[in-house]
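J.: Mind looking over this structure? Questions follow.
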Amino acid sequence: MQLRADQLAGHLKQAADKGLRPIYTVYGDEPLLAQEAIDAIRAAARAAGHTERQVHTVAGAHFDWSSLLGASQAMSLFADKQIVEIRIPSGKPGKDGSEALQRYCETLSDDVVTIVQLPKLDRTQQSGAWFVALDGAGATVRVDAIDRKALPTWIAQRLSAQGQRVVAGEDGQHTLAFFADRVEGNLMAAHQEVQKLGLLYPAGELTFEQIESAVLNVARYDVFKLGEAVLAGQVGRSLRMLDGLQAEGEAAVLVHWTLANDILALKRVRDAMNQGKPLPMALREARVWGAKERLFERAAPVLTDAALAELVDAAQVCDGLAKGLRHPGWPTDAWDGLRRLVLMLCERLAAAPSRRPGGSGLHLALTSS
């Protein structure tokens, strides 16, 4: 049984009457949401009479899986129901762990609720026999990260839970966007900033001025998310991310590699399309998938060969700047060069005519979000 994190509360409410699953597997790369999910399962188990608790942390290849299996088989000796937590920080139990987890799932008891905590798993890991056994024996809870687009709604929901809200309409959306800009990429800090507002101000409506004065700038930026923002034409956000990455001490070489890799991939896709290959095939050959696949589907058809050639040349110049070289007409600072590269790509996307149906006279809009 597979659940999203936002479905867990409803499941646990029903389970209060029908009974909890014997094993819950929580996996994902957002520590705050994963911990909240585990806390909710633990609280439901305690409410159902599971008062004792064991914690097993798989710290490496030398973990004694037999101790876990022995403990599970000895549960009937205890009068109290138990909670057994199995933490696998690496997400890789290994061969012995895989076999042990499969055997563990075969010996589950109604007197025990087991919680397995894992990081984000790829498709190969999710198709492993051990994970399939966990999923088949209980419920798996996938914890997805909150992306920038969904962050204002997430903040509003958290504020609402403590009896607070922003003003209605466009002003309120502006306030939430400002809040999101200050906490992007740092959900734990975002949670703490929401809690701080609950301590500083009473329940009710919050003004922009109150949030501006109280919420710290605790944003943390991901260099790979920068590429997505640039391809989406989000100029303001892209420049803000560049500033944040520079302030955090990120290497300009890594930032350049990310942007240049996207530009070269766009050129490969465009070249394949010029050879008559359909866009989906061109994207597969260029190894473009996931969130960037949708962005490439929009960008590749509208960028001209001349624009891409210019962007490739600019990326080569930035490569030299990042290595300490100089180029006529370009700034000497590598980060200033990267800002120019970001603006060039966003401007080329904005200047290209849209290929959407009925949109021959439209243009891709630059956004500041």
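Per the numbering used here, numbering of the sequence shown is gapless, rising by one per residue and ending at 372.
Note that beta-carbon positions come from the ideal geometry of N, C-alpha and C, so glycine has one too.
Every value quoted in this text rests on a predicted model; they were computed, and no experiment measured them.
1) Can you check DSSP and say which residues form a bridge with LEU209?
2) Quick one: is the Cβ of GLN165 within less than 7 angstroms of any heavy atom of the ligand FMN?
3) Out of curiosity, what's the CA-to-CA distance linking LEU267 and HIS194?
4) Please confirm whether ALA142 and TYR27 have their CB atoms less than 8 angstroms apart.
5) Excluding the 5 residues flanking LEU209 on each side, which residues of the same chain have their C-beta closer than 6 angstroms to its C-beta?
6) Taking only beta-carbon positions, decide if PRO25 is within less than 8 angstroms of chain B.
7) So, for LYS326: in the same chain, excluding its five sequence neighbours on each side, which residues have a beta-carbon less than 8 angstroms away from its beta-carbon?
8) Terminal residues of the continuous alpha helix (DSSP H) containing GLY239?
9) Under a Cβ-count criterion, where at least 16 other Cβ atoms within 10 Å of its own Cβ denotes burial, should ARG7 be classed as buried or exposed?
10) According to the neighbour-count rule (16 or more other Cβ atoms, all chains shown, within 10 Å of its Cβ), is TRP133 buried or exposed?
11) What residue ranges within the region 36–70 form continuous beta strand (DSSP E) runs of no fewer than 3 residues, ordered along the chain?
12) Using the beta-carbon count (16 or more within 10 Å), is GLN5 buried or exposed?
13) Cα-Cα, which of PRO331, LEU341 and ASP113 is closest to GLY22?
14) Could you check what DSSP says for ARG3 in three-state terms: helix, strand or coil?
15) Using CA coordinates, which residue listed in SER130, ALA136 and LYS123 is at the minimum distance from ASP147?
16) If we ignore side chains and look at the alpha-carbon of each, how far apart do GLU251 and GLY175 end up?
17) Can you check which of these residues, PHE182, PRO92 and TYR107, is closest to LEU71 by C-alpha distance?
18) In whole angstroms, what separates the C-alpha of ALA50 from that of ALA43?
19) If I'm right that VAL186 touches ALA222 with Cβ under 8 angstroms, what's the distance once you round it to whole angstroms?
20) Could you tell me the distance, in whole angstroms, from the CA atom of ARG329 to the CA atom of ALA285?
T.: Once the coordinates are examined:
1) Position 206 of the sequence shown, counted from the first residue, corresponds to residue 209. By DSSP's assignment, LEU209 forms a beta bridge with VAL169.
2) You won't find the ligand FMN in this model; it holds no ligand whatsoever.
3) Working through the sequence shown from its first residue, we reach residue 267 at position 264. Working through the sequence shown from its first residue, we reach residue 194 at position 191. Using only the alpha carbons, I get a separation of about 38 angstroms.
4) The residue labelled residue 142 in the question sits at position 139 within the sequence shown. The residue labelled residue 27 in the question sits at position 24 within the sequence shown. Judged by beta-carbon spacing, TYR27 lies within the 8 angstroms limit of ALA142, meaning their Cβ atoms are closer than that value.
5) Here residue 209 refers to the residue found at position 206 of the sequence shown. Answer for LEU209: GLN167 and VAL169, listed in chain order.
6) This model lacks chain B altogether; it includes just one protein chain.
7) For the purposes of this step, residue 326 is taken as residue 323 along the sequence shown, with counting starting at 1. Closer than 8 angstroms at Cβ, skipping near neighbours: VAL256.
8) As a first step, residue 239 is located in the sequence shown; it is residue number 236 there, counting from the start. Start and end: 238–250.
9) Your numbering for residue 7 matches position 4 in the sequence shown. By the neighbour-count rule (16 or more Cβ atoms within 10 Å), ARG7 is not buried but exposed.
10) On the sequence shown, position 130 is the one that residue 133 refers to. Its Cβ being crowded by 16 or more others within 10 Å, TRP133 is buried.
11) The region 36–70 contains these whole beta strand (DSSP E) runs: 53–60.
12) Within the sequence shown, the letter at position 2 stands for residue 5. GLN5 is exposed by the Cβ-count criterion.
13) Residue mapping note: residue 22 aligns to position 19 of the sequence shown, counting from 1. Selected option, being the one with the closest Cα: ASP113.
14) Nothing about residue 3 can be read from this structure; the chain reaches only from 4 to 372.
15) As a first step, residue 147 is located in the sequence shown; it is residue number 144 there, counting from the start. Out of SER130, ALA136 and LYS123, LYS123 has the C-alpha closest to the C-alpha of ASP147.
16) Translated into positions along the sequence shown, residue 251 becomes position 248. Translated into positions along the sequence shown, residue 175 becomes position 172. C-alpha separation (whole angstroms): 30 angstroms.
17) Walking along the sequence shown from the start, residue 71 turns up at place 68. Among PHE182, PRO92 and TYR107, the Cα nearest to that of LEU71 belongs to TYR107.
18) Taking the sequence shown and counting its residues from 1, the one referred to as residue 50 is at position 47. Taking the sequence shown and counting its residues from 1, the one referred to as residue 43 is at position 40. Cα to Cα, ALA50 sits roughly 11 angstroms from ALA43.
19) Taking the sequence shown and counting its residues from 1, the one referred to as residue 186 is at position 183. Taking the sequence shown and counting its residues from 1, the one referred to as residue 222 is at position 219. Contact between VAL186 and ALA222 is confirmed by a C-beta separation of about 6 angstroms, below the 8 angstroms threshold.
20) The residue given as residue 329 occupies position 326 in the sequence shown. The residue given as residue 285 occupies position 282 in the sequence shown. Their Cα atoms are separated by approximately 35 angstroms.
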